[in-house]
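Quick note on numbering: the sequence shown equals residues 6 to 598 in our numbering.
No residue lacks a Cβ here, since even glycine has one placed at the ideal position from N, Cα and C.
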Amino acid sequence: MIHGSGIGDDDNVPFAPQLLSRLLSYTLPYRWLLAAAVACMLLVSGVGLIGPVLLGRALDNHIISGETSGLGVLAVIYVGTHLVAWAGTYWQTYLMAYVGQRAILRIRQDLFDHLQTLTFKFYDRHPAGVVMSRVTNDVEALNELISSGIVHVVSDVVTLVGIVTIMLFLNWKLALLTFITLPLLVWAATLFRNRVLRAYRRVRSKMANVNANLQESISGVRVTQSFTRERRNVERFDQTNMENLQANMHAASLFSVFIPVVEVIGALGTCIVLWSGGLAIIGGTLSVGTLWIFLNYAGRFYQPIRDLSQVFNTLQSAMAASEKIFGIIDTDPEVKDAPGAAALPALKGDIRFEGVTFGYRPDLPVLHGVNLELTAGQRVALVGPTGAGKTSLANLLARFYDPQAGAVLVDGRDIREVALGSLRRQMGIVLQDTFLFSGTVRDNIRYGRLDATDAEVEAAAKAVNAHEFIVKLPQGYDTEVKERGAKLSVGQRQLVAFARALLRDPRILVLDEATSAVDAYTEVLIQRALGRLLEGRTSLVIAHRLSTIRNADKIVVMADGRIVETGVHQELLAKGGLYSSLYERQFKGQEAV
């Protein structure tokens, strides 16, 4: 069960007006369209206020008095106000939808762009499903506020001011009686505001947990079914889903209490107008038409307030989502270019680890003062038991993380002082867990070098002996591999990953258990290709297979985050140390095969 995995899950963070200001800044590029929408809204609000006055005058001046002359003109004007309101509402709605969708597009793009810059440490802490929820659900929660909420606020405020002005003009005493209920409305809004905000923050957090659970379950469905864990997974999802339901129902229950409270207060205000106005008519100080206008406006007086409470509900949800979204956008990448970082020229490939200490958590180091040197063109193999720190060295070389102490130097330069892109563009990395993207085989091989020709793509595939299986696919190089390369076998995906790395023509090549998923026959083909292609490149090979290690220029044996042995295959066997022990346990049987 994933709990508290969202970004910014503190339910007690105070409401920050700067969040709303920052959110609305995304509408600034469309301010003229926004202004046009507001103008349409003002027109709609204005003509909407004329209707009750027209009907009231029709009652007093024509219907009650029996004077029908001019009644038709009032009727035509009344219909005309509704036609104008219809046209204004159409353009107001269309323009705000356009502005809102464009703003949402920019927010989602900014969020995705920033996610591309965040380092592995961020993704170590935040499940993929939670991050996906930020880009999808949380961004969508902003849509209603931007597309309609902003204009509704302005419209309701204008309508409210207009109603108050007209009521005061018609009969200020009756108007003041209508406004008696305002303190009750202010009290109700204040009482519910903070509770609703906390409730919607909790809703966003629980929805993120549902997405995280769903993403994990779908990605691991093969493991789930192989271990017959379907029932347990259903129970976990049911629990997460139920927590989401409870959070939503808590928010809904708060709001379901708030709306009727506003309705009751509105009904109380209408009763006061009806009672006082009725007495005034009996006393001959008020006309029936004027009372009708007041009753109509009294009902309308509370409608903008109810609408504002609905917008307030939308605002609270949007603010809770904004906290999560801007929490990601404001997260600084922990690994980034230093100010004035210079681009690396073409590398020779000398690598040196100097006193490197590193831990994924600073208080739990996995590497302890490691010193290691690789000369240009040298092939170095890292071996050792699980958890020895082999992959951590590769991660530091590619600068996916920075060490807590010591330095990693390439061609004598600390990689923290050079432009990150210029380093990684000259590296090729093949991991044990090969990741292929949706698209064709050709697209995946070309992934690291988009300007490569079809001939170069095929040459890279031939070099790693992938061409033979690729041309047998239904559409050859244009075969869709589907998500994560689902249409290819594990070994085939690994061969495509080799071709992808080698097409880039890297000066430094990192292979992290890259042949462990390949069958023995395919591995022989790969080793023949690598024997040619690694020539002249510095390569760091993390492996446990004998065929990958025996021909290395240097074998480095690691244990508990330290280098314990260094040498070539025969030397290390003769020492009778850890390498010899690993060889006896892991490699000797493989060699016999």
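Quick one: is residue i buried, meaning 16 or more other Cβ sit within 10 Å of its Cβ, or exposed?
{"i": "Arg590", "result": "exposed"}
{"i": "Thr458", "result": "exposed"}
{"i": "Met254", "result": "exposed"}
{"i": "Leu545", "result": "buried"}
{"i": "Cys276", "result": "exposed"}
{"i": "Asp16", "result": "Confidence at Asp16 is low in this model, with a pLDDT of 43, below 50, so its placement is unreliable and no value can be given for it."}
{"i": "Ser210", "result": "buried"}
{"i": "Thr295", "result": "buried"}
{"i": "Val156", "result": "buried"}
{"i": "Thr136", "result": "Contrary to the premise, residue 136 reads as Val rather than Thr in this sequence. By the 10 Å Cβ count, Val136 comes out buried."}
{"i": "Gly271", "result": "buried"}
Name the DSSP beta bridge partners of residue i, please?
{"i": "Phe299", "result": "Its beta-bridge partners do not exist; DSSP assigns none."}
{"i": "Leu545", "result": "Val385 and Val515"}
{"i": "Arg567", "result": "Ala564"}
{"i": "Val361", "result": "Val375"}
{"i": "Leu599", "result": "What the structure shows of the chain is the stretch from 6 to 598, and residue 599 is not part of that stretch, so it cannot be assessed."}
{"i": "Gly572", "result": "Ile560"}
{"i": "Ile356", "result": "Leu379 and Val415"}
{"i": "Val347", "result": "Reading off the sequence shown, one finds Ala at residue 347, where the question assumed Val. DSSP, once it has assigned bridges, lists Val423 as partnering Ala347."}
Report the rounded CA-to-CA distance for residue i versus residue j, giving the unit in angstroms.
{"i": "Asp416", "j": "Glu422", "result": "12 angstroms"}
{"i": "Glu235", "j": "Arg203", "result": "34 angstroms"}
{"i": "Val640", "j": "Asn249", "result": "There is no way to answer for residue 640, as the model of the chain reaches only from 6 to 598."}
{"i": "Leu190", "j": "Val267", "result": "7 angstroms"}
{"i": "Val18", "j": "Leu25", "result": "Because Val18 carries a pLDDT of 44, less than 50, the predicted location of this residue cannot be relied on, and the following value inherits that uncertainty. Their Cα atoms are separated by approximately 15 angstroms."}
{"i": "Asp161", "j": "Asn246", "result": "37 angstroms"}
{"i": "Asn376", "j": "Asp335", "result": "36 angstroms"}
{"i": "Phe308", "j": "Val81", "result": "The amino acid occupying residue 308 in the given sequence is Gln; Phe does not appear at that position. Their backbone Cα atoms lie some 26 angstroms apart in a straight line."}
{"i": "Leu493", "j": "Val486", "result": "7 angstroms"}
{"i": "Asn176", "j": "Thr86", "result": "24 angstroms"}
{"i": "Ala504", "j": "Val469", "result": "6 angstroms"}
{"i": "Val598", "j": "Gly360", "result": "Residue placement at Val598 cannot be trusted, given a pLDDT of 46 that sits under 50; the coordinates are not used to answer."}
{"i": "Arg542", "j": "Gln532", "result": "15 angstroms"}
{"i": "Ala579", "j": "Ser585", "result": "8 angstroms"}
{"i": "Leu150", "j": "Val316", "result": "7 angstroms"}
{"i": "Gly433", "j": "Asn449", "result": "14 angstroms"}
{"i": "Ser10", "j": "Arg567", "result": "Residue placement at Ser10 cannot be trusted, given a pLDDT of 42 that sits under 50; the coordinates are not used to answer."}
{"i": "Ser138", "j": "Arg509", "result": "34 angstroms"}
{"i": "Ile333", "j": "Gln23", "result": "16 angstroms"}
{"i": "Ala348", "j": "Gly354", "result": "15 angstroms"}
{"i": "Phe306", "j": "Gln114", "result": "41 angstroms"}
{"i": "Gln431", "j": "Leu507", "result": "11 angstroms"}
{"i": "Gly581", "j": "Gly394", "result": "22 angstroms"}
{"i": "Leu147", "j": "Ala257", "result": "18 angstroms"}
{"i": "Ser397", "j": "Gly496", "result": "24 angstroms"}
{"i": "Arg418", "j": "Glu518", "result": "27 angstroms"}
{"i": "Leu60", "j": "Leu88", "result": "17 angstroms"}
{"i": "Ser443", "j": "Leu478", "result": "16 angstroms"}
{"i": "Ala564", "j": "Ala491", "result": "35 angstroms"}
{"i": "Gly304", "j": "Tyr83", "result": "19 angstroms"}
{"i": "Val140", "j": "Pro34", "result": "22 angstroms"}
{"i": "Leu641", "j": "Gly382", "result": "This structure leaves residue 641 out entirely; the chain is present only between 6 and 598."}
{"i": "Lys467", "j": "Gln480", "result": "17 angstroms"}
{"i": "Leu173", "j": "Leu181", "result": "8 angstroms"}
{"i": "Leu587", "j": "His574", "result": "12 angstroms"}
Rounded C-beta distance between residue i and residue j? I'm assuming under 8 angstroms.
{"i": "Val144", "j": "Leu39", "result": "Going by Cβ atoms, the distance from Val144 to Leu39 rounds to 19 angstroms, so no, they are not a contact pair."}
{"i": "Val562", "j": "Val388", "result": "6 angstroms"}
{"i": "Ser281", "j": "Leu187", "result": "Not quite, the Cβ-Cβ distance comes to about 16 angstroms (not below 8 angstroms), so this is no contact."}
{"i": "Ala471", "j": "Val501", "result": "6 angstroms"}
{"i": "Arg208", "j": "Phe260", "result": "Residue identity differs from the one stated: residue 208 is Val in this sequence, not Arg. That belief does not hold up - the Cβ atoms of Val208 and Phe260 are roughly 11 angstroms apart, past 8 angstroms."}
{"i": "Leu123", "j": "Pro338", "result": "5 angstroms"}
{"i": "Ala193", "j": "Phe263", "result": "7 angstroms"}
For chain D, check one thing: does any of its Cβ atoms lie closer than 8 angstroms to the Cβ of residue i?
{"i": "Asn249", "result": "Here there is only one protein chain, and chain D is not present."}
To test your reading of the DSSP string, which unbroken beta strand (DSSP E) runs of 3 or more residues are found completely within the segment 391-446? 410-415 and 432-435
Extract the residue ranges of the beta strand (DSSP E) inside the segment 466-526, only unbroken runs of 3 or more that lie entirely within it. 513-517
Ranges of the alpha helix (DSSP H) found wholly within the segment 104-187, counting only runs of at least 4: Segments of the alpha helix (DSSP H) lying fully in the segment 104-187: 125-130, 133-138, 144-149, 155-175 and 177-183.
Whole beta strand (DSSP E) elements within the segment 212-297, 3-residue minimum: DSSP runs (the beta strand (DSSP E)) wholly in the segment 212-297: none.
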